[in-house]
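Taking it in order: structure first as structure tokens, then the write-up.
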Amino acid sequence: MARRRILSLWFPRLGAERLLRRRKDTLPPPFAVVGDRQGAQVLVSVSAEAETLGLGPGQGLRDATAICPHLMTASEDPASEAAFLAALRRWAGKFSPWVAEEPPAGLMIDLTGCAHLFGGEEKVLGVVEADCAGLGLTVRAAVADTPGAAWALARHAGRALQGNLNGDAIEQEAHATRSRASRRRTFAPPSGGPLGLISAPGALRAALEPLPVAALRLSEGTVQSLARLGLRRVGDLLDLPRASLARRFGQEVTRRIDQALGLEPEPVSPAGAPLHFAVRLTLPDPIGLREDVEAGLDRLLGPLCDRLKEKGRGARRVRLQAFRSDGQVPAVEVGLAHTTCAPERIRPLLALKIDQIDAGFGIDMLRLSAVETELLTVASGKGRGPAGRPAEVLADVVGRLGARLGAEGVTRLHPAESHVPAKTALVLAAAWSEAAGPWPEPPGRRPLILFPPEPVEVVGAPPHRVCWRRRDRRIVRAEGPERILPEWWLEEPDWRSGARDYWAVELEEGERIWLFEAMGGVVSGGWWVEGEMA
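Using this note's numbering, you'd call the opening residue of the sequence shown number 499 and step up by one each time.
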């Protein structure tokens, strides 16, 4: 059985170099990525030019700009950096199908049985170095028998020991001297030397012994505790009794040692391949008629829906692309109100938009893809059979309207918990929400039409005349008052006039309005009309 071999890649300047790739400067300036750490702005990634000036991760932004006044900075973007690392993971799939991300700036690759395809591990490292140089990335690589050892060698091999120094440390020197040397050290390889290190098979102990204890992936507090006792190298820990280590520092230390030495298994867990649902139809001759496009669509819908059914998925957004003979690719896209894998429910929506496709000098290929999918759930009596027919009809209507007006243009109301009349309902996109159940009964009579409050003049208390919209009217009947207050924990700018007493009144012409008196608060009160009753 082949011995397991693991390749660890570390990109020490990933955050800065990701942004420098976009600039494409011939002579890039000193550059750093800035992030918030414990309420302070610090450098989280620096370019090679900034590092040669004495800057490094963890340094305060104010100190960095004092050292390098012309330092260029950018804000940290963890989401974009994670997406970039995922792209690097896909690139690393050329070396092995087993590639895992090591956030925030590392990859772990299981090379077992794969290195010979490139001519050996040295050639693999050569390809890594060449590819990363072409991508404008600095990389440190190491190959070892275990993920823990490869991780340690990639990040700590060849670096001076750091940590808490004490009087027993033989290598101790003046603090200022060591700090300056540490700042000016860079990861640039010697001329003609590789950026990687290969540990001989079966030589894990010899490779790990000279490394600092931080190479075991221990927490910062544990590393500091070990350093205070003079335990600074991995070799200082290997001969100590395991029971004493576990009792003094916890199981973390012994577990990491066992993982690095291969005594405890540590798998490389690759990310699963993303689900991809797309089919295409290559045409022998260019087409341009609507009927031909519809015929091609009919041939594509069946296979696409079959693939969705196999994975238990349903489409929420479908795109039809037409590849023209002149290289242009017009496309139409529709959203569905409910997840489905039924061709008869997708086709009418796409048919509404086929006229938007400009065939030009002819279409050579059609491509149909489900760009957004969800798990397909089948509920009893819902969406299938006679009991679910009304729901299907409503979903189809919402889908057709959404195809013309946009998915956000078709809305429905949902009940909301609030004392404020204008906030007792939520407006939600019908395509992304389910119909609400029975609405709760209101505590009192509510208007049929609600509008922003309009000021009025009222005579009497309770009111018997009202001047509204420049017309003086007599009140023939009034119900109330009903006092309403907003939630005390929410800030309601429209309710700064204090509590409101609401009246349902009927005017002599037969109109019924919703009248309230603001009792006064931050601003003065008054009488207002907010709606019309049924």
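For each residue, glycine too, the CB sits at the ideal point set by N, CA and C.
Cβ-heavy atom distance, residue i to the ligand ADP, below 8 Å
i: residue 1012; result: Although the ligand ADP was asked about, the structure shown includes no ligands whatsoever.
Option nearest residue i by Cα separation, candidates the options
i: residue 900; options: 928, 922, 919; result: 928
i: residue 708; options: 533, 750, 715, 732; result: 732
i: residue 935; options: 607, 949, 912; result: 912
i: residue 1016; options: 954, 967, 895, 583; result: 954
i: residue 931; options: 918, 941, 908, 920; result: 908
i: residue 537; options: 906, 558, 521, 523; result: 558
i: residue 983; options: 961, 921, 632, 1008; result: 921
i: residue 703; options: 637, 734, 991; result: 734
Status (buried if at least 16 other CB within 10 Å, exposed otherwise) for residue i
i: residue 604; result: buried
i: residue 970; result: exposed
i: residue 1033; result: Since the first residue shown for the chain is 499 and the last is 1032, residue 1033 is missing from the structure and cannot be characterised.
i: residue 774; result: exposed
i: residue 1012; result: buried
i: residue 780; result: exposed
i: residue 766; result: buried
i: residue 947; result: exposed
i: residue 848; result: buried
i: residue 644; result: buried
i: residue 914; result: exposed
i: residue 573; result: exposed
i: residue 639; result: buried
i: residue 752; result: buried
i: residue 742; result: exposed
Nearest-angstrom beta carbon gap, residue j and residue i [assumed within contact, 8 Å]
i: residue 868; j: residue 837; result: About 10 Å separates the two Cβ atoms, so there is no contact after all.
i: residue 648; j: residue 706; result: Not really, about 11 Å apart at Cβ, beyond 8 Å.
i: residue 650; j: residue 713; result: 3 Å
i: residue 577; j: residue 601; result: Residue 577 to residue 601, Cβ: 12 Å. No contact.
i: residue 593; j: residue 505; result: 7 Å
i: residue 503; j: residue 610; result: 5 Å
Residues of its chain near residue i, where Cβ-Cβ distance is below 6 Å and the 5 sequence neighbours each way are ignored
i: residue 746; result: none
i: residue 619; result: 613, 641, 696
i: residue 945; result: 1012, 1029, 1030, 1031
i: residue 803; result: 839, 841
i: residue 768; result: 596, 597, 598
i: residue 653; result: 508
i: residue 966; result: 954, 1027
i: residue 791; result: 852
Cβ pair residue i, residue j closer than 9 Å
i: residue 1025; j: residue 925; result: no
i: residue 1002; j: residue 978; result: yes
i: residue 512; j: residue 623; result: no
i: residue 701; j: residue 711; result: no
i: residue 806; j: residue 871; result: yes
i: residue 846; j: residue 897; result: yes
i: residue 865; j: residue 771; result: no
i: residue 974; j: residue 1006; result: yes
i: residue 785; j: residue 858; result: no
i: residue 811; j: residue 874; result: yes
Beta-carbon contacts of residue i that lie in its chain and below 7 Å, excluding the five residues immediately before and after
i: residue 562; result: 530, 541, 553, 569
i: residue 526; result: 518, 545, 547
i: residue 566; result: 528, 548, 551, 553
i: residue 764; result: 644, 645, 646, 757
i: residue 720; result: 747, 750, 751
i: residue 917; result: 982, 983, 984, 985
Test: residue i CB closer than 9 Å to a CB of chain B
i: residue 731; result: Among the protein chains of the structure shown there is no chain B, as only one such chain exists.
Residues near residue i in its chain [Cβ-Cβ closer than 8 Å; skip 5 each side]
i: residue 830; result: 817, 818, 848, 851, 852, 854, 855
i: residue 590; result: 507, 597, 605, 607
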